[in-house]
Amino acid sequence: MTFNPQLAANRLDKLGIVDHNGDGWRELPSGKPLTLSLLTPYGWSDFNTTALLVSEMLGRIGIHVVPQECEYSRFVQRLTEGDYQIALTNYPEGSTPFKYFDTAFNSDYQAPQYPRYAMHFYQNPEIDHLLSQFPLTTNATSVWRSFASLTALLPASRSRCRCITRCNFTSTTHHALKAGSMKRTLWRAARLAAGA
1 MTFNPQLAAN RLDKLGIVDH NGDGWRELPS GKPLTLSLLT PYGWSDFNTT ALLVSEMLGR
61 IGIHVVPQEC EYSRFVQRLT EGDYQIALTN YPEGSTPFKY FDTAFNSDYQ APQYPRYAMH
121 FYQNPEIDHL LSQFPLTTNA TSVWRSFASL TALLPASRSR CRCITRCNFT STTHHALKAG
181 SMKRTLWRAA RLAAGA
């Protein structure tokens, strides 16, 4: 993950998200404090450690992030109901990017029987169509065209997704709200808090 606090601070300043009262934490242009909660399952030490890291990194630029641990069943319930601001989850990996794209962005996974996957609730019929066609594709060129189309569609939609940043720990990939670098995470977290 990359971390550029100066770039993040500059972007937040341009958005008018600054520390108005001198307490070290940024406020929205309306004056409302910018405080975000970061949800993780209780006892999942890798997730909880990542939450502390994200909280510390965002704290360095004046965004107050409060890690919240809850029992796994409650974690799943809150994700399914969209009752969170930022949440950490993981996605399976495979020999191609398909498994990640499918579980992270296929709207079929936005159902209670698929806890934790695609719970940003962003839907795009073009993305769903590309994902449904992938298993039927046998030509390598067509496979990579599908991935190119997916990666072209996703940046335009990421500001609407709740799944943002990526940290690798051994073979498990964790995501914090809305896939991209930390500098994009900061900007999107600010937009989310502002109601954008």
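Its first residue numbered 1, the sequence shown is counted upward by one per residue in full-length UniProt numbering. Heads up, the beta-carbon is just placed ideally off N, CA and C, and yes, glycines get one too. Treat the numbers as computed from the prediction; the structure is a model and nothing was measured.
Task: Spatial distance of PHE134 from GLN113 (CA atoms) - done: 23 Å
Open item on the list: Is the beta carbon of LEU79 closer than 9 Å to that of LEU52?
Closed with: no
Open item on the list: If I follow the unbroken alpha helix (DSSP H) through HIS129, where does it start and stop?
Closed with: 125-133
Open item on the list: With the cut-off set at 9 Å, would you say ARG11 and ILE63 are in Cβ contact?
Closed with: no
Open item on the list: Going by DSSP in three states, GLU93 sits in which element: helix, strand or coil?
Closed with: Coil at GLU93, not helix or strand.
Task: Cβ shell of PRO92 (< 8 Å), same chain only, five flanking positions each side left out - done: LYS99, TYR100 and THR103
Task: Member of ASP19, ALA111 and PHE105 whose CA lies at the smallest distance from the CA of ARG60 - done: ASP19
Task: Paired residues, beta bridge with ALA111 - DSSP - done: ALA111 is not bridged to any residue.
Task: Residue interval of the beta strand (DSSP E) (run including GLU27) - done: It is not in any beta strand (DSSP E) - GLU27 carries neither H nor E in the DSSP assignment.
TODO: Would you kindly work out how many angstroms separate the C-alpha atoms of SER132 and GLY24, rounded to a whole number?
DONE: 47 Å
Open item on the list: Helix, strand or coil for PHE169? Go by DSSP, reduced to three states.
Closed with: Residue placement at PHE169 is poorly supported in this model, since its pLDDT is 39, which falls under 50; the coordinates still yield a value, given next. In the three-state DSSP reduction, PHE169 falls in the strand class (E or B).
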